[in-house]
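Residue numbers (the working numbering): 24 to 820.
To keep things clear, I will list the structure first and then write my remarks on it.
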């Protein structure tokens, strides 16, 4: 888009008179940016016969998007007015976009609304990121504005998953409410056990307890019944089996006691059991690892469209499925390369760190290959496609990650392997004790042998009902998760907790993990005077090359006005101020300008650093060294992992990786590894019975993160690495990993203590119940006491 300072007749779309400043698209004039964007949409839909009757035109006219030359100024004023106050971010998927102008229309429509501070709509992925002030505009209004334009906004999360969570909370609240009331009713019932009742209050409260337990046994306990039924159909006996058997036995015995006029019922114990089980479910759901959510984010990370060069030479966005091998794509500065290919025309600088781990920018010229997922930081490329969307390296990485997530996300509760044999064992004991009482005519306190057998069987089922077992591991894990969150560590896959502290090998990525992953100035600027720094600041401010950007960030002084600047893409910058000529670039670039540069006397090349030179006329003023700094805490991290073998892997050159490995004290290192080679290394270590933890941040680390027992993504990680990781560090302090391992060891110890106590209590209780020394009433009381012990022990984490 260009702005021409010439007076034309009228706007191509709205027929409004043009001002001195008009927008042009080729030979077509427009009165404003909105008219130009709407015209492009209508042209792509072949709806230019009667454009002013089109619904999009009418809606854009009503919203003030078109026939409004002051649109951009209005947006600017709204932004200045909305700078104060809190803001929130909204991430949406917008469907039915036809072309990049659709994204522009949505942006302009939203930005002109008061309260919208920032808006970015990515046409290639259909994703929108909106920052807004909730006090000025609501989320519902934002969705309505997008819908009115004819597009379909949708939230990234799955609403059904939230509905399940709300339902579980409601079941828990109902169960807790009625359980507390039933326990209150139980006080006179327990008291009547020690004296004869003549008023009939215990019997009344027993019937009230029955009525109060019905919502808990039906609505609140429904997920427990359902899981028991589905498990029984396939022969799987989980923890819910003991709950169902205990609750069913206690319910049957309580109804039998009420029928024969006895107030000794156990509805309070049954409802407490259900409350504790639901509590365990809620604790588990808090940190549940969602493979579906991860796969959704991975899929959306893939671009959907690319700018294909047509026969006319112009570029047009088309779906990736319409791009074939041999087609040419046009890639502009700042854009992502969407398919693997070879450079046909143009020159540029690519950032390939996310795909290869190479921290230095890579120059691209005709004949060189480019990878999907990398970013063209500077220049202009025409890329001949060598792989379709399903054949790119990025697609293979995500496909492999999806496969690994599907196998890794299955979480087995700590208690489940034990319950598999514990359930049949308890059932056999209950049936056996009842049969024993019948066979040998055993009776207690004037009861028949059948009544004695049933009471002892119910006592066995009640004492074994896994309240303590069910919350032993979830409570301890919940305390561990909360403690880790305070340290800035988010646990996404609880299955990895079992391996923490047991790692025999820790594999670390270099770029962005052990190093800062940012291209920065290491030294050289300190030799310049203040005026020379101002001149250098002026030179680099005209370029978006990574070297220029790094120098610009390091120079805090104001830029000096310079008469003439010229950038030679991929080589350097030339500027003129008065009679002096200033140059910034490589030694080769300066030598081409007639300036001789002595070779560096240090080992910059061995450390994979970049050296550029700043010269005035025929004199070199400074040799500026740039590179990637090692994190200050990296060496300490390696030292604290002394009980494991620590490896360094990277896609960087061998000399750079070796330098970092020796500096930090790694046991071994692997250089030049592409993403699948990193994963192969993890697989090889696992085949040797190693427990492997992988620490990384880039797309190139995603396959290794999913293949390892523990995948840890650092703070600077990409979206894909975050979604596939087991643990996410929200702090930039690598020392948190050492603390993480210590706390995980303590947490695992407390989980074992809780499980030991739960089963020890069950074994002792079973022996007492079998002998008749433990009645159902005291069995229920012992069950609650055991649960409280487990609860307080978990608080020690």
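C-beta: ideal position from N, C-alpha, C; glycine also.
Bear in mind that the values here come from a model prediction, so they are computed numbers and not experimental data.
Handout entry: Distance between residue 287 and residue 479 (C-alpha atoms, nearest Å)
Key = Between residue 479 and residue 287, the C-alpha separation is close to 15 angstroms.
Handout entry: Bridge-paired residues (DSSP) for residue 590
Key = Answer by DSSP bridge pairing, in chain order: 596.
Problem - Buried versus exposed call for residue 79 [16 or more other C-beta atoms within 10 Å across all chains shown] - result: It is buried - the Cβ of residue 79 has at least 16 other Cβ atoms within 10 Å.
Exercise for the section: Could you please give the first and the last residue of the uninterrupted beta strand (DSSP E) stretch that includes residue 354? Expected result: Residue range 351 to 355 is occupied by the beta strand (DSSP E) that includes residue 354.
Problem - Assumed close pair residue 485, residue 292 - CB separation to whole angstroms, cut-off 8 angstroms - result: Confirmed, Cβ separation roughly 7 angstroms.
Exercise for the section: With hydrogens ignored, establish whether the beta-carbon of residue 613 is closer than 6 angstroms to any heavy atom of the ligand COA. Expected result: Although the ligand COA was asked about, the structure shown includes no ligands whatsoever.
Problem - Residue(s) in a DSSP beta bridge with residue 717 - result: By DSSP's assignment, residue 717 forms a beta bridge with 530, 734.
Exercise for the section: For residue 727, count neighbouring Cβ atoms within 10 angstroms of its own Cβ and tell me buried if that reaches 16, exposed if not. Expected result: Buried: at least 16 other Cβ atoms inside 10 Å.
Exercise for the section: Can you grab the Cα-Cα spacing for the pair residue 633 / residue 683, in whole Å? Expected result: Going by the C-alpha atoms only, they are around 16 angstroms apart.
Practice task
Could you round the C-beta distance between residue 155 and residue 110 to whole angstroms and report it? I think they count as a contact, below 8 angstroms.
Solution key: Approximately 6 angstroms separates the beta-carbon atoms of residue 155 and residue 110; this is inside 8 angstroms, confirming the contact.
Problem - Three or more C-beta pairs below 8 angstroms linking the stretch 594 to 607 and the stretch 632 to 650 - result: The answer is yes - the stretch 632 to 650 touches the stretch 594 to 607, with three or more Cβ pairs under 8 angstroms.
Handout entry: First and last residue of the uninterrupted beta strand (DSSP E) at residue 340
Key = Following the DSSP letters along the chain, one finds residue 340 inside the beta strand (DSSP E) bounded by residues 338 to 342.
Exercise for the section: For the alpha helix (DSSP H) holding residue 58, just list the boundary residues, first then last. Expected result: Counting along the chain, the alpha helix (DSSP H) containing residue 58 begins and ends at 56 to 67.
Handout entry: Where residue 163 falls, given that 16 or more other Cβ within 10 Å makes a residue buried
Key = Residue 163 is exposed by the Cβ-count criterion.
Problem - Cut-off 8 angstroms between Cβ atoms - residues of its own chain near residue 765, not counting five sequence neighbours on either side - result: Correct list, in chain order: 524.
Exercise for the section: Put residue 176 into one of helix, strand or coil per three-state DSSP. Expected result: Residue state, collapsed to three classes: strand.
Problem - Candidates 360, 462, 402, of which the one nearest residue 415 by Cα - result: Per the Cα distances, 360.
Exercise for the section: Output the boundary residues of the alpha helix (DSSP H) element that contains residue 792. Expected result: Residues 758 to 794.
Exercise for the section: Using the DSSP secondary-structure output, state which residues sit across from residue 513 in a beta bridge. Expected result: Answer is 751, bridged to residue 513.
Problem - Burial state of residue 178, where buried means 16 or more other Cβ atoms lie within 10 Å - result: By the neighbour-count rule (16 or more Cβ atoms within 10 Å), residue 178 is not buried but exposed.
Exercise for the section: Using beta-carbon positions only, say whether residue 713 and residue 536 come within less than 7 angstroms of one another. Expected result: No; because the gap between Cβ atoms is not below 7 angstroms, this pair is not in contact.
Problem - Three-state secondary structure assigned by DSSP to residue 48 - result: In the structure shown, residue 48 sits in a strand (DSSP, three-state: E or B).
Practice task
Using the Cα positions of residue 464 and residue 193, report the straight-line distance between them to the nearest angstrom.
Solution key: Roughly 48 angstroms between the two C-alpha positions.
Practice task
Using beta-carbon positions only, say whether residue 694 and residue 715 come within less than 7 angstroms of one another.
Solution key: No, the Cβ-Cβ distance between residue 694 and residue 715 is not below 7 angstroms.
Problem - Burial state of residue 252 (16 or more Cβ within 10 Å) - result: Residue 252 is exposed by the Cβ-count criterion.
Exercise for the section: Just the C-alpha distance for residue 628 and residue 404, rounded to the nearest angstrom, thanks. Expected result: At residue 628 the pLDDT is 42, less than 50, meaning the model places this residue with poor confidence; the figure from the coordinates comes in the next sentence. The straight-line gap from Cα to Cα measures roughly 28 angstroms.
Problem - Beta-ladder partner(s) of residue 823, from DSSP - result: An answer regarding residue 823 cannot be provided, because it is not within the stretch 24 to 820 covered by the chain.
Problem - Extent of the continuous alpha helix (DSSP H) to which residue 236 belongs - result: Where residue 236 is concerned, the enclosing alpha helix (DSSP H) stretches over 224 to 238.
Exercise for the section: With a 10 Å radius around its C-beta and 16 neighbouring C-beta atoms as the bar for buried, classify residue 72 as buried or exposed. Expected result: In the assembly as shown, residue 72 is an exposed residue. Its beta-carbon has fewer than 16 other beta-carbons within 10 Å.
Practice task
Give the straight-line distance between the Cα atoms of residue 41 and residue 112, rounded to the nearest whole angstrom.
Solution key: Rounded to the nearest whole angstrom, the C-alpha separation of residue 41 and residue 112 is 37 angstroms.
Practice task
Name, in chain order, the residues that DSSP records as bridge partners for residue 670.
Solution key: Here residue 670 is bridged, per DSSP, to 530, 691.
Handout entry: Nearest neighbour of residue 342, chosen from 650, 391, 412, 354 [CA to CA]
Key = When each option's Cα is compared against that of residue 342, the closest is 412.
Exercise for the section: Between the Cα of residue 556 and those of 574, 568, 543, 540, spot the shortest distance and give me the residue it belongs to. Expected result: Sorting 574, 568, 543, 540 by C-alpha distance to the C-alpha of residue 556 places 574 at the top.
Handout entry: Simplified DSSP assignment, three categories, for residue 111
Key = Strand at residue 111.
Handout entry: residue 196 versus residue 248: straight-line alpha-carbon distance, rounded
Key = Rounded to the nearest whole angstrom, the CA to CA distance from residue 196 to residue 248 is 18 angstroms.
Exercise for the section: Alpha carbon to alpha carbon, how far is residue 761 from residue 482? Give it in angstroms, no decimals. Expected result: Rounded to whole angstroms, the separation of the alpha carbons of residue 761 and residue 482 is 47 angstroms.
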